[in-house]
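Numbering (UniProt numbering), first residue to last: 1 to 651.
Next up, the structure:
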């Protein structure tokens with residue numbers, strides 16, 4: 001397909017919007033909505049939705065081959081090789097020959113079908129008697145004056161049969177925008193199109209096209225609610241999963257926000273607000289069922305933000321619907337006049353739907369997007385990130401110093417990696433540990449009150465922060481060594497010849513110097529990294545430490561950066577290493593998984609070296625390394641928190 005993408009778009013557009021046209025379905029929906037609004041109440045205009053019976057299986061294969069060969073020579077030999085010989089299909093004891101249509105699952109199937117249909121689709125569009133004539137693969141629309149639509153429908157019935165297609169009038173739909181004389185309709189269209197089998201009327205006022213609702217607000221609300229309820233069945237099943245790490249990944253990837261994106265981009269947000277809010281409630285309930293965490297309104301706001309803003313990536317449909325709609329309309333405006341010559345960009349921009357969506361969006365972000373034109377020129381991703389950053393800033397403003405430091409740390413690249421990790425192997429987390437880390441990330445208390453830590457003289461706070469920096473119990477050493485060993489194993493994969501705890505790295509500076517030779521500044525020594533030997537010194541700190549709390553509350557990774565400078569200065573370690581030709585790199589990470597910038601650069605070098613040896617993409621290798629480290633660090637903290645809470649309950 002990539003060989004002929006540009007050629008295909010030039011050939012098919014605008015009669016066919018389903019092949020090689022980015023956002024073709026959305027453009028078609030916005031054009032039809034504008035047309036129905038422009039002609040609302042008209043007694044002369046109608047719209048007919050075309051439905052071909054079993055279209056992909058019935059189109060003549062000779063027509064498919066001829067049209068594809070003529071229009072796309074680069075595909076001719078491949079398509080001919082695939083389709084010239086009939087495929088034998090085994091059905092029980094019988095063998096059937098597949099000799100018509102395009103094969104199910106063929107990646108080129110849409111292009112092949114569209115090529116066969118294009119002469120008819122192009123004739124309808126270029127006839128200029130209709131207001132709109134377009135197809136999205138086998139879904140077609142004819143819109144205009146009654147007489148013109150009637151004539152076009154007759155033409156379709158006559159010419160479609162020549163390529164093996166037949167209209168299923170029982171599934172075709174006719175839409176009237178205003179009061180139309182029944183006699184005129186009966187004289188213009190077949191009875192099967194106007195009446196059900198029981199004699200009741202089939203003429204519609206509202207209709208669905210390509211999954212979007214076009215009509216009055218009540219119809220849009222009902223349509224979106226039906227989609228939400230259907231998606232709710234999957235959410236209910238997902239909430240029954242025993243593994244919350246698997247469940248949350250599925251919820252974010254294929255069961256939540258993504259289920260409603262098409263409705264959000266194609267339908268006005270105000271018209272479906274209640275339905276989208278209902279769906280958000282279903283997602284929130286699913287999260288509670290998966291994890292046992294039943295969040296407050298404020299915690300749900302955080303969970304609905306992106307991962308880069310300390311959220312869980314469970315986008316709120318009701319919050320992001322205005323952004324989605326504005327982005328879709330803005331991306332479509334320049335092309336809609338090709339589909340409808342009478343389309344007015346200005347009329348759409350000043351419509352209640354678009355202006356209302358902009359006001360909703362502006363209420364959420366304030367003056368950060370000053371004009372409607374700026375919003376329409378933006379992508380949905382950019383508008384959604386603006387919503388997230390506004391919400392994040394508002395939460396920071398009203399948080400305590402400790403909570404602010406935790407939020408900044410949770411927003412770091414390394415801290416959010418555990419949410420992207422595949423739940424298998426080194427990146428698999430125990431359910432209890434995973435849930436404990438979700439609670440800490442969202443600021444959900446694990447107990448009603450603070451108490452004394454059973455392992456040290458510190459306060460075991462109800463938020464679970466203490467476990468990340470408790471000096472007793474031996475977990476800090478175990479965590480330090482585990483992080484060191486994991487990075488060392490990656491360095492071995494990279495061919496960097498790492499050495500753990502290398503002795504005699506620093507030589508005495510004079511005969512009386514008896515201390516320097518005993519020091520081991522390198523938890524991991526690399527003979528060559530970025531042009532010089534490197535001594536990697538590992539340490540884990542916490543953003544809630546009093547020494548760095550003020551800094552951590554202002555910037556992501558500030559606690560790790562401050563402790564890294566401390567390690568460099570302690571006993572002149574960095575200077576001593578430099579004097580002997582070794583670069584000292586403090587590999588400091590916060591208890592969330594956020595790394596100091598210098599350490600992050602080293603991890604990137606290691607990941608790239610691994611990618612060079614294995615043939616992986618560097619970005620993929622880096623992501624895998626960060627995920628393994630994040631899961632390791634957070635799992636250690638979670639187990640420490642769970643252990644202390646259990647011991648505190650017994651005392």
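Glycine residues also receive a C-beta, built at the ideal position from the N, C-alpha and C atoms. It should be emphasised that the depicted structure is a prediction, and the values quoted were computed from it without experimental measurement.
At the 8 Å Cβ level, is residue 599 part of the contact set with chain C, yes or no? This model lacks chain C altogether; it includes just one protein chain.
Within the chosen definition, does the region 570-587 reach the region 526-546 through at least 3 CB pairs nearer than 8 Å? yes
Which whole-angstrom value describes the C-beta separation of residue 333 and residue 348, a residue pair presumed to lie in contact below a C-beta threshold of 8 Å? For the purposes of this step, residue 333 is taken as the residue at position 333 of the chain shown. For the purposes of this step, residue 348 is taken as the residue at position 348 of the chain shown. Residue 333 to residue 348, Cβ: 7 Å. Contact.
Anyone know if the C-beta pair for residue 167 and residue 157 falls short of 8 Å? Along the chain shown, one-based indexing puts residue 167 at 167. Along the chain shown, one-based indexing puts residue 157 at 157. Their beta carbons are under 8 Å apart, which means residue 167 touches residue 157 by this criterion.
Continuous beta strand (DSSP E) stretch holding residue 586: start and end: Counting from 1 along the chain shown, the entry for residue 586 is found at position 586. Unbroken beta strand (DSSP E) run through residue 586: 583-590.
Mind reading off the beta-carbon distance from residue 631 to residue 327? Whole number of angstroms is fine, and I expect it under 8 Å. Within the chain shown, the letter at position 631 stands for residue 631. Within the chain shown, the letter at position 327 stands for residue 327. Incorrect: roughly 34 Å between the Cβ atoms, too far for contact.
So the candidates are 177, 346, 388; which of them puts its Cα closest to the Cα of residue 376? Counting from 1 along the chain shown, the entry for residue 376 is found at position 376. Cα-wise, what sits closest to residue 376 is 346.
Within the continuous beta strand (DSSP E) that includes residue 175, where are the two ends? Mapped onto the chain shown, residue 175 falls at position 175. Residues 173-176.
Secondary structure at residue 567, three-state DSSP: helix, strand or coil? Working through the chain shown from its first residue, we reach residue 567 at position 567. In the structure shown, residue 567 sits in a helix (DSSP, three-state: H, G or I).
Buried or exposed: where does residue 298 fall if 16 or more other Cβ atoms within 10 Å of its Cβ makes it buried? Counted from its first residue, the chain shown places residue 298 at position 298. Per the 10 Å Cβ criterion, exposed.
Beta carbon of residue 432 nearer than 8 Å to that of residue 111: Against the chain shown, residue 432 aligns to sequence position 432. Against the chain shown, residue 111 aligns to sequence position 111. Cβ distance not < 8 Å, so residue 432 and residue 111 don't count as in contact.
Please confirm whether residue 548 and residue 559 have their CB atoms less than 8 Å apart. Looking up residue 548 in the chain shown gives position 548. Looking up residue 559 in the chain shown gives position 559. Contact: yes.
Looking at the secondary structure, which residues open and close the beta strand (DSSP E) in which residue 667 lies? Residue 667 lies beyond the range of the chain shown here (1 to 651); nothing can be said about it.
DSSP-derived helix/strand/coil call for residue 577: Position 577 of the chain shown, counted from the start, is the residue given in the question as residue 577. Reduced to three states, the DSSP call for residue 577 is helix.
Assuming residue 122 and residue 15 are in contact, meaning their beta carbons sit under 8 Å apart, how far apart are those beta carbons, in whole angstroms? Taking the first residue of the chain shown as position 1, residue 122 is located at position 122. Taking the first residue of the chain shown as position 1, residue 15 is located at position 15. Right, the Cβ-Cβ distance comes to about 5 Å (below 8 Å), so this counts as a contact.
Could you tell me which uninterrupted beta strand (DSSP E) segments, each at least 3 residues in length, are contained entirely in the region 233-302, listed from first to last along the chain? none
Can you tell me whether DSSP reads residue 379 as helix, strand or coil? Residue numbering aside, residue 379 sits at position 379 when the chain shown is read from its first letter. Of the three classes helix, strand and coil, the one that applies to residue 379 here is coil, per DSSP.
Nearest-angstrom Cα separation, counted from residue 498 out to residue 504: Counted from its first residue, the chain shown places residue 504 at position 504. Counted from its first residue, the chain shown places residue 498 at position 498. Their Cα atoms are separated by approximately 15 Å.
How many angstroms separate the CA atom of residue 30 from the CA atom of residue 109? Residue 30 sits at position 30 when you count from the first residue of the chain shown. Residue 109 sits at position 109 when you count from the first residue of the chain shown. Cα to Cα, the separation comes out at about 26 Å.
Measure the alpha-carbon distance for residue 192 versus residue 49 and round it to whole angstroms. Position 192 of the chain shown holds residue 192. Position 49 of the chain shown holds residue 49. Taking the straight line from one Cα to the other gives about 14 Å.
6 Å CB neighbourhood of residue 129 in its chain, flanking five on each side removed: Your numbering for residue 129 matches position 129 in the chain shown. Excluding positions up to five away in sequence, the list reads 148.
Can you check whether the CB of residue 540 is closer than 8 Å to the CB of residue 633? Working through the chain shown from its first residue, we reach residue 633 at position 633. Working through the chain shown from its first residue, we reach residue 540 at position 540. Cβ distance < 8 Å, so residue 633 and residue 540 count as in contact.
Report all residues from its chain with a CB closer than 6 Å to the CB of residue 392; omit the five preceding and five following residues, and keep chain order. The sequence position of residue 392 within the chain shown is 392, counting from 1. Contacts found: 309.
Expected contact under 8 Å - CB spacing of residue 175 and residue 47 to nearest Å: On the chain shown, position 175 is the one that residue 175 refers to. On the chain shown, position 47 is the one that residue 47 refers to. Yes, they are in contact, since the Cβ atoms of residue 175 and residue 47 sit about 4 Å apart, within 8 Å.
Taking C-alpha atoms, which residue in 171, 439, 464, 219 lies nearest to residue 449? The residue you call residue 449 lines up with position 449 of the chain shown. Residue 449 has its Cα closest to that of 464, out of 171, 439, 464, 219.
Quick one: grab the DSSP three-state call for residue 451. In the chain shown, counting from the first residue as 1, residue 451 sits at position 451. Strand, per DSSP.
Please check the pair residue 221 and residue 275, which I expect to be a contact at CB under 8 Å, by giving their CB distance rounded to whole angstroms. In the chain shown, counting from the first residue as 1, residue 221 sits at position 221. In the chain shown, counting from the first residue as 1, residue 275 sits at position 275. Right, their Cβ atoms sit about 5 Å apart.
Can you have a look at residue 254 and say buried or exposed, based on whether 16 or more other CB atoms are within 10 angstroms of its CB? Position 254 of the chain shown, counting from 1, holds the residue named residue 254. Looking at its Cβ environment, which holds fewer than 16 other Cβ atoms inside 10 Å, residue 254 is exposed.
Mind checking whether residue 314 and residue 287 have CB atoms under 8 Å apart? Position 314 of the chain shown, counting from 1, holds the residue named residue 314. Position 287 of the chain shown, counting from 1, holds the residue named residue 287. Against a cut-off of 8 Å, the Cβ pair of residue 287 and residue 314 comes out as a contact.
Contact between the region 407-415 and the region 279-295 (3+ Cβ pairs under 8 Å): no
If we ignore side chains and look at the alpha-carbon of each, how far apart do residue 371 and residue 324 end up? Start at 1 with the first residue of the chain shown, and residue 371 comes out as number 371. Start at 1 with the first residue of the chain shown, and residue 324 comes out as number 324. Residue 371 and residue 324: Cα-Cα distance of roughly 16 Å.
When DSSP builds the beta bridges, which residues end up paired with residue 532? Counted from its first residue, the chain shown places residue 532 at position 532. According to DSSP, which records beta bridges pairwise, residue 532 is partnered with 529.
My guess is that residue 227 and residue 188 are in contact by the Cβ rule of under 8 Å, so how many angstroms apart are they, rounded? Locating residue 227 in the chain shown gives position 227, counting from the first residue. Locating residue 188 in the chain shown gives position 188, counting from the first residue. Contact flag wrong, Cβ pair sits at about 33 Å.
Residue 143 - DSSP class collapsed to helix/strand/coil: Looking up residue 143 in the chain shown gives position 143. Strand.
Among 98, 338, 385, which has the Cα closest to the Cα of residue 10? As a position in the chain shown, residue 10 is number 10, starting the count at 1. Minimum Cα distance to residue 10 is reached at 338.
Measuring straight from C-alpha to C-alpha, what distance separates residue 593 and residue 230? For the purposes of this step, residue 593 is identified with residue 593 of the chain shown, where counting begins at 1. For the purposes of this step, residue 230 is identified with residue 230 of the chain shown, where counting begins at 1. The straight-line gap from Cα to Cα measures roughly 38 Å.
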